[in-house]
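Taking it in order: structure first as structure tokens, then the write-up.
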Amino acid sequence: MQKIGREVWIEVNLDAIKRNIQAFQAHIPRKSKIMAVVKANAYGHGSVEVARQALESGATELAVASLEEGIVLRKAKIEAPILVLGLTRLDCVKKAAAWRIDLSGLCADWINQANAILTKEESQHQLGIHVNVDTGMGRLGIRTKEELLEAVEALEKSKYLRWDGVFTHFSTADEPNPDFALFQHDRFIDFLRFLKKKGVTLPTVHMNNTAATIVFPTFSADMIRLGIGLYGLYPSQYVEDLDAVQLEPALSLKARIAFVKQMMTEPRMVSYGATYVAKPDEVIATIPIGYADGYSRALSNKGFMLFRGKRVPIAGRVTMDMTMIRLGEMKARPGEEVVIYGRQQDEAISVEEIAELLNTIHYEVIATISRRVPRFYKRGGKIMKISTPMMYV
Ligand SMILES: Cc1ncc(COP(=O)(O)O)c(C=O)c1O
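Position 119, counted from 1, in the sequence shown is what my numbering calls 884; the numbers after and before it change by one each time, with no gaps.
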């Protein structure tokens, strides 16, 4: 393994990403394509490597949250279609067209203005648009049939825009009660039927996120937008308990002990605020991870890590760059490995249980692992690539 000065890192198992895609391919109709959702640095896993692996494993398109996230992929020579799911400022449409990055179209007015800008600037490229229909998410998109028709007519008239897709997004597909998801589905289908009756030929239709794909595979339409499942995580306990698709988490977060001390002498306080007082003789180890790495300060005196295959509690407050753990009487040595998320021998810490401790969801736990943590990519059990901020120093 490459030497890193501060020994904390993520391992991403690319074989798991491949197997997760294959599991979804087996679950959905053959005609449905897979758009890999690699926004937020691929939910913390590293967008370039995950995008490459997803495309190699059968995904055909990618989704990101911003134009800038898309440009990162293009600069890495990734050629597949890329869609920005969020809102993009009108003065960025020329840039989007030049990078061949598709945008979400949210209303006729935005579409007309985007076309006017590209016309004025004599754009060399057409801009792909996926129209977002808000069937109940209440976040972005078109809410009525009339507005949808207006947007589609604006697209069909515009020389510089290409209508590539129409989509909606479920807000409750991960919950046991299917009523609202079914309502959203029926509303979307009703909108699409309305367009067809008006003589409109539909482009790529997509609605399913991971939860909806697992629960309602027949709603997979022309394409699914696969996020959390790509990374081997279930959107909720309910969806996991359905036992419909077997997934394998791709990410582990690991570190090496930086410093060890036995608290023989007073004072025995640990970390800011002196909120933990060690027992006489207790061994305390310092781990080089803190809240600036995305390891939440709310885990202070609450979280745990794995050492020699056992759970060990956090001592005191998580600081910006370091966290202390209680090793009892275990005589640890600096350099020994600690697992923060993932498996060590017969024990494991899942990001779901960390999320529960933090009163949030696992999406947040992984997406907030900061960029200063190096990403090690593994294939066939071996590290084949390292992506680290140290590459730039
Ligand atoms: C519009 C849209 N589609 C798809 C996804 C992927 O969702 P999931 O990670 O639950 O599969 C997201 C994620 O937030 C999204 O915002």
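Just so you know, even glycine gets a beta-carbon here, dropped at the ideal spot from N, CA and C.
Stretch-stretch touch, CB-based, cutoff 8 Å, three pairs: the stretch 1078 to 1096 with the stretch 1004 to 1018: no
Minimum C-alpha distance to proline 1000 - residue among Ile1054, Ser936, Glu915, Lys961: Against the sequence shown, residue 1000 aligns to sequence position 235. It is Ser936.
Glycine 835: CB within 8 Å of a non-hydrogen atom of ligand 1: For the purposes of this step, residue 835 is taken as the residue at position 70 of the sequence shown. No, ligand 1 has no heavy atom inside 8 Å of this Cβ.
Element boundaries [beta strand (DSSP E), containing valine 1220]: The structure shown does not extend to residue 1220, since the chain spans only 766 to 1158, so no value can be given for it.
Which of helix, strand or coil DSSP assigns to glutamine 1027: Within the sequence shown, numbered from 1, the residue matching residue 1027 stands at position 262. Glutamine 1027 falls in the strand class under three-state DSSP.
Rounded C-alpha distance that separates lysine 860 from arginine 908: For the purposes of this step, residue 860 is taken as the residue at position 95 of the sequence shown. For the purposes of this step, residue 908 is taken as the residue at position 143 of the sequence shown. About 28 Å.
Of the listed residues Pro1078, Arg1076, Gly1074, Arg1082, nearest to arginine 1062 (C-alpha basis): Numbered from 1 along the sequence shown, position 297 holds the residue referred to as residue 1062. Residue nearest to arginine 1062 within the set Pro1078, Arg1076, Gly1074, Arg1082 is Arg1082 (criterion: CA-CA distance).
Counted within 10 angstroms of its Cβ, other Cβ atoms place tyrosine 1037 as buried (16 or more) or exposed: Within the sequence shown, the letter at position 272 stands for residue 1037. Result: exposed.
Contact test: threonine 975 Cβ vs ligand 1 heavy atom, cutoff 8 Å: On the sequence shown, residue 975 is found 210 positions in, with the first residue counted as 1. Threonine 975 Cβ: within cutoff of ligand 1.
For phenylalanine 1072, the residue or residues it bridges with in DSSP: Taking the first residue of the sequence shown as 1, we reach residue 1072 at position 307. Beta-bridge pairing links phenylalanine 1072 to Lys1075, Val1103.
Ligand 1 heavy atom lying under 8 Å from the CB of lysine 710: Only positions 766 to 1158 of the chain appear in this structure, which leaves residue 710 out of reach.
Neighbourhood of isoleucine 1119 by C-beta distance below 6 Å, restricted to the same chain and skipping five residues each side: Counting from one through the sequence shown, the residue named residue 1119 turns up at place 354. Correct list, in chain order: Val1130.
Cβ-heavy atom distance, alanine 828 to ligand 1, below 8 Å: Taking the sequence shown and counting its residues from 1, the one referred to as residue 828 is at position 63. Flag set: Cβ of alanine 828 near ligand 1.
Residue burial classification, methionine 1070 (beta-carbon count within 10 angstroms, cutoff 16): Looking up residue 1070 in the sequence shown gives position 305. The residue is buried, with at least 16 neighbouring Cβ atoms inside 10 Å.
Asparagine 785 in three-state terms, based on DSSP: Numbered from its first residue, the sequence shown carries residue 785 at position 20. Note: asparagine 785 maps to helix in three-state DSSP.
Contact test: histidine 934 Cβ vs ligand 2 heavy atom, cutoff 8 Å: The ligand content of the structure shown is limited to ligand 1, which means ligand 2 is not among them.
Three-state secondary structure (DSSP) of valine 1158: Here residue 1158 refers to the residue found at position 393 of the sequence shown. Note that valine 1158 scores a pLDDT of 45, beneath 50, so its modelled location is shaky; the value from the coordinates is reported in the next line. Note: valine 1158 maps to coil in three-state DSSP.
Rounded separation between tryptophan 774 and phenylalanine 1024 - CA only: As a working mapping, residue 774 is identified with position 9 in the sequence shown. As a working mapping, residue 1024 is identified with position 259 in the sequence shown. Each residue's alpha carbon lies about 17 Å from the other.
The stretch 858 to 876 contacting the stretch 902 to 920, beta-carbon criterion three pairs below 8 Å: yes
Own chain, CB closer than 6 Å to aspartate 899, minus 5 neighbours either side, in chain order: As a position in the sequence shown, residue 899 is number 134, starting the count at 1. Excluding residues within five positions, the ones whose Cβ falls inside 6 Å are Gly906, Arg908.
Beta-bridge pairing of asparagine 942 - partner residues as DSSP gives them: Your numbering for residue 942 matches position 177 in the sequence shown. None; asparagine 942 has no bridge partner.
Beta-carbon proximity check, isoleucine 866 vs glycine 835, cutoff 9 Å: Residue mapping note: residue 866 aligns to position 101 of the sequence shown, counting from 1. Residue mapping note: residue 835 aligns to position 70 of the sequence shown, counting from 1. Cβ distance < 9 Å, so isoleucine 866 and glycine 835 count as in contact.
One or two residues paired with serine 1152 in a DSSP bridge: Stepping through the sequence shown from its first residue, residue 1152 is reached at position 387. In DSSP, serine 1152 forms a bridge with Arg1140.
Glycine 811 CB to nearest heavy atom of ligand 1 below 8 Å: Your numbering for residue 811 matches position 46 in the sequence shown. Glycine 811 Cβ: outside cutoff for every heavy atom of ligand 1.
Residue closest to arginine 1136, alpha-carbon to alpha-carbon, out of Met1095, Ala1057, Lys1150, Glu1112: Here the question's residue 1136 lines up with position 371 in the sequence shown. Comparing Cα positions, the closest option is Ala1057.
Near ligand 1: isoleucine 1119 beta-carbon under 8 Å from a heavy atom: Taking the sequence shown and counting its residues from 1, one reaches residue 1119 at position 354. Checking the Cβ of isoleucine 1119 against ligand 1 gives no.
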